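Here's the structure we're looking at; comments come further down.
Numbering (the working numbering), first residue to last: 15 to 298.
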């Protein structure tokens with residue numbers, strides 16, 4: 015092949031390469047233009063949607079609450095101030111305390127009675143418990159009912175023995191401090207000294223409930239209710255155990271029994287309404 019022919023072939027090859035490159039470049043630029051146009055459209059859509067989101071009245075506010083988040087665990091249902099009448103945060107109303115006929119005078123008289131007069135003091139205590147239970151049952155004011163309940167709790171917490179009462183005071187202080195180990199040790203000592211005294215059984219059951227030891231709690235409550243079948247706090251604790259062990263029908267019955275003694279327990283009414291509606295929904 016002559017030099018001229020070689021030059022012509024090379025020129026044709028170079029021209030073909032240039033045309034190929036130009037064609038690919040045109041296709042590439044066309045794709046880029048289409049992509050950028052599509053991207054602009056998407057950006058406009060995203061911007062529009064974002065503006066609606068940020069201008070929404072609910073933006074920046076707390077998200078709607080989930081139903082089960084509003085329902086506390088049954089273990090936290092019983093406030094400490096209802097379990098322990100002299101709970102530190104409790105501030106008694108001055109008018110209520112002045113009108114109380116069963117307050118400190120009766121309790122001090124009961125604690126200071128000689129041994130020979132313990133029977134008489136015990137009778138006076140029982141009469142006062144009966145009177146307070148009757149007033150509590152028919153009281154229509156929640157604040158007055160709470161004061162009556164505290165008086166009842168104070169009467170029930172008095173054993174008539176200074177040593178036992180001191181141990182129970184220490185146990186209650188340990189419960190308030192959430193030192194359940196020390197509280198159990200002191201309550202165990204009280205029960206060994208006075209097994210017919212109902213209050214330590216109720217307090218120990220509450221501790222076992224907090225520790226999720228429901229069998230021991232049931233054991234304690236069976237003793238407590240044999241000794242004091244009117245103890246509405248014990249029935250409330252029994253309802254908590256039934257609810258925690260997936261026996262809602264028995265829980266409802268126990269809660270209703272507690273309310274039959276203390277109808278103004280507003281928090282228990284609310285919880286009972288929720289539990290009953292939950293059961294009706296499941297049955298439907």
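Glycine included, C-beta positions come from ideal geometry on N, C-alpha and C. On a predicted model such as this, the values are computed, not experimentally measured, just so you know.
Taking 8 Å as the limit between beta carbons, can you name the residues of its chain near residue i, skipping five residues before and five after?
| i | result |
| --- | --- |
| residue 245 | 170, 212, 216, 238, 239 |
| residue 208 | 173, 175, 178, 214 |
| residue 203 | 181 |
| residue 281 | 91, 93 |
| residue 210 | 241 |
| residue 66 | Note that residue 66 scores 35 on pLDDT, short of 50, meaning its location in the model is unreliable and no value can be drawn from it. |
| residue 191 | none |
| residue 143 | 166, 169, 170, 244 |
Classify residue i as helix, strand or coil using the three-state DSSP reduction.
| i | result |
| --- | --- |
| residue 182 | helix |
| residue 240 | helix |
| residue 245 | coil |
| residue 191 | coil |
| residue 174 | coil |
| residue 277 | coil |
| residue 211 | coil |
| residue 33 | helix |
| residue 234 | helix |
| residue 260 | coil |
| residue 99 | coil |
| residue 136 | helix |
| residue 225 | coil |
| residue 88 | helix |
| residue 155 | coil |
Only counting the same chain, and skipping five residues up and downstream in sequence, which positions put a Cβ closer than 6 Å to that of residue i?
| i | result |
| --- | --- |
| residue 186 | 98 |
| residue 200 | 181, 184, 185 |
| residue 71 | Its pLDDT being 41, under 50, residue 71 is placed unreliably in this model, and the value from its coordinates should be taken loosely. Closer than 6 Å at Cβ, skipping near neighbours: no residue. |
| residue 59 | At residue 59, the pLDDT of 40 sits below 50, so the modelled position is not reliable; the number obtained from the coordinates is stated separately. So no residue of the chain qualifies. |
| residue 33 | none |
| residue 231 | 219, 222, 223, 255 |
With burial defined as no fewer than 16 other Cβ atoms inside 10 Å of the residue's Cβ, what is the status of residue i: buried or exposed?
| i | result |
| --- | --- |
| residue 108 | Annotation note: pLDDT 38 at residue 108 (below 50); position unreliable, coordinate value reported separately. Residue 108 comes out exposed. |
| residue 247 | buried |
| residue 296 | exposed |
| residue 163 | buried |
| residue 260 | exposed |
| residue 234 | buried |
| residue 137 | exposed |
| residue 25 | exposed |
| residue 205 | buried |
Is it the case that the Cβ atoms of residue i and residue j are separated by a distance below 8 Å?
| i | j | result |
| --- | --- | --- |
| residue 141 | residue 223 | no |
| residue 266 | residue 286 | yes |
| residue 275 | residue 147 | yes |
| residue 156 | residue 150 | no |
| residue 273 | residue 263 | no |
| residue 270 | residue 228 | no |
| residue 153 | residue 278 | yes |
Who are the Cβ neighbours of residue i in its own chain at under 7 Å, not counting the five residues just before and after it?
| i | result |
| --- | --- |
| residue 197 | 185, 188, 189, 221 |
| residue 122 | For residue 122, the predicted model reports a pLDDT of 49, less than 50, meaning its position is unreliable and no value from the coordinates is stated. |
| residue 290 | 266 |
| residue 225 | 194 |
| residue 268 | 249, 252, 253, 256 |
For the ligand GDP, is there any heavy atom lying closer than 7 Å to the beta carbon of residue i?
| i | result |
| --- | --- |
| residue 184 | Within the structure as shown, the ligand GDP is missing, as the structure has no ligands at all. |
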